[in-house]
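Report on the structure given below.
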Amino acid sequence: MADLLYPEPPHLMIAVYDDRPEERTFQLLFEASRELECEPNGLLEVSPRDLEFDFLSDVGSMRQRLQVGSDRLADLVAGADPVSRVVKAGLTHRKLGRMIVEYLPRRGGDRHPIAVSMSAATLGLPDSLWAKKDRSAAKRIADWSREALELASSKCDPLYGGIAVEMTLPSPSSLSTTQSKVPSELFVSRRLTDRDQSLVDRLRQVFADGEVTNWRNGLFCAGWAPYVSGGQGITDLADTRGRASKLVKQAVSAGR
28 MADLLYPEPP HLMIAVYDDR PEERTFQLLF EASRELECEP NGLLEVSPRD LEFDFLSDVG
88 SMRQRLQVGS DRLADLVAGA DPVSRVVKAG LTHRKLGRMI VEYLPRRGGD RHPIAVSMSA
148 ATLGLPDSLW AKKDRSAAKR IADWSREALE LASSKCDPLY GGIAVEMTLP SPSSLSTTQS
208 KVPSELFVSR RLTDRDQSLV DRLRQVFADG EVTNWRNGLF CAGWAPYVSG GQGITDLADT
268 RGRASKLVKQ AVSAGR
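Converting from the sequence shown to my numbering requires adding 27 to each position, the first position being numbered 1.
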């Protein structure tokens, strides 16, 4: 029997990092998923409200799985329970399958990034293996995930966010102290670009062979072909991610 809190691998992550309380970000990301035709399945994982952790695995046996009705679900996701907080919530999309909203790892006392995770399906395969029908399927998933990140950036107004396959979104301390990098599909908020007026131009230079789009609360920078209009992406995505990570790290550090 399929685990409703575990999408089919490989996993596609649509994630945001905000410097405001995670419960707020979790609720807004859950609401954004529902606006994009995801239906809650009532299955949750909760941890003690006042328990701090870096990885979900740190919670151990204190993490509980619950099956709840719609009213209880709404209260828990809204952060109204004085004892527990939701760290994972299951949803289902009619065409795209199982999804979860979840806490991602943090470092150094940061807030947790929050993500919608789903099956990457065709997007999880090397581009070189795609047949024509695979490219169409990959584009549909890419379009949905891009729409999801745009809605999340509008509702949550996070500092930054991104879309990636089988990788996490680093919190600020991870960017500063490890080799972690932001995704090549990257949202950078106006809250960050306002700290450094040159940041927009420098991001446009980094993504010159990709695409940079103005969204309501910031910029969406895309380098991977399925996310770029016309399907022509950046050849060296690793270099792009490294350069973009330095820019995001500098902008985040300027406000700390």
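Note that beta-carbon positions come from the ideal geometry of N, C-alpha and C, so glycine has one too.
Note that this is a predicted model, so its numbers are computed, not measured.
Suppose you measure from the CA of residue i to the CA of residue j; what does that come to, to the nearest Å?
i: Gln232; j: Val95; result: 49 Å
i: Asn244; j: Arg47; result: 16 Å
i: Ala271; j: Ala147; result: 23 Å
i: Leu86; j: Ile190; result: Residue 86 is actually Val in this sequence, not Leu. Taking the straight line joining both Cα atoms gives about 26 Å.
i: Lys160; j: Ser280; result: 44 Å
i: Lys182; j: Leu156; result: 36 Å
i: Pro75; j: Pro34; result: 24 Å
Please look up how many angstroms separate the CB atoms of residue i and residue j, rounded, as I've assumed it's under 8 Å.
i: Ile141; j: Glu49; result: 6 Å
i: Pro186; j: Arg229; result: At residue 186 the sequence reads Leu, which differs from the Pro that was named. That belief does not hold up - the Cβ atoms of Leu186 and Arg229 are roughly 17 Å apart, past 8 Å.
i: Gly151; j: Val192; result: 5 Å
i: Asn68; j: Leu31; result: 5 Å
What do you get for residue i, buried or exposed, if any count of 16 or more other CB atoms within 10 angstroms of its CB means buried?
i: Phe57; result: buried
i: Phe82; result: exposed
i: Gly258; result: exposed
i: Arg125; result: buried
i: Gln206; result: exposed
i: Gln54; result: buried
i: Pro36; result: exposed
i: Asp42; result: According to the sequence shown, residue 42 is Ala rather than Asp. Under this definition Ala42 is a buried residue.
i: Asp221; result: exposed
i: Leu226; result: buried
i: Ser88; result: exposed
i: Glu62; result: exposed
i: Arg121; result: exposed
i: Ala158; result: exposed
Using CA atoms only, rank isn't needed, just tell me which of the options is closest to residue i.
i: Pro109; options: Asp77, Val227 and Tyr33; result: Asp77
i: Arg90; options: Ala105, Ala116 and Asp98; result: Ala116
i: Ser111; options: Thr119, Leu123, Glu79 and Leu274; result: Glu79
i: Ser200; options: Leu226, Arg133 and Ala107; result: Arg133
i: Val113; options: Ser280, Arg51 and Ala169; result: Arg51
i: Leu202; options: Leu226, Leu274, Gly237 and Leu31; result: Leu274
i: Glu64; options: Tyr130, Leu100 and Trp171; result: Trp171
i: Met40; options: Ser60, Asp30 and Ala29; result: Ser60
i: Tyr254; options: Gly269, Ser181 and Ala164; result: Ala164
i: Lys166; options: Asp102, Thr149, Leu178 and Val215; result: Thr149
I'd like the span of the alpha helix (DSSP H) that includes residue i, first residue to last.
i: Ser180; result: Lys159 to Cys183
i: Arg99; result: Ser97 to Val104
i: Ala147; result: Counting along the chain, Ala147 falls outside any alpha helix (DSSP H), and DSSP gives it neither H nor E.
i: Leu56; result: Glu49 to Glu62
i: Ala3; result: In this structure the chain extends from 28 to 283, so residue 3 is not present and cannot be described.
How is the beta strand (DSSP E) around residue i delimited, first residue to last?
i: Lys208; result: Note, Lys208: premise wrong, no beta strand (DSSP E); not H, not E.
i: Gly69; result: Cys65 to Pro75
i: Leu246; result: Gly245 to Ala249
i: Val233; result: Segment Leu226 to Val233 is the alpha helix (DSSP H) holding Val233; no beta strand (DSSP E) there.
i: Thr220; result: Segment Arg217 to Thr220 is the alpha helix (DSSP H) holding Thr220; no beta strand (DSSP E) there.
i: Lys122; result: Segment: none, Lys122 is in no beta strand (DSSP E) and carries neither H nor E.
i: Gln94; result: Gln91 to Gln94
i: Leu39; result: His38 to Tyr44
i: Glu238; result: Glu238 to Trp242
i: Ile190; result: Tyr187 to Val192
Please decide whether residue i counts as near chain B, where near means a Cβ-Cβ distance under 8 Å.
i: Ser84; result: Any reference to chain B falls outside this structure, which holds one protein chain only.
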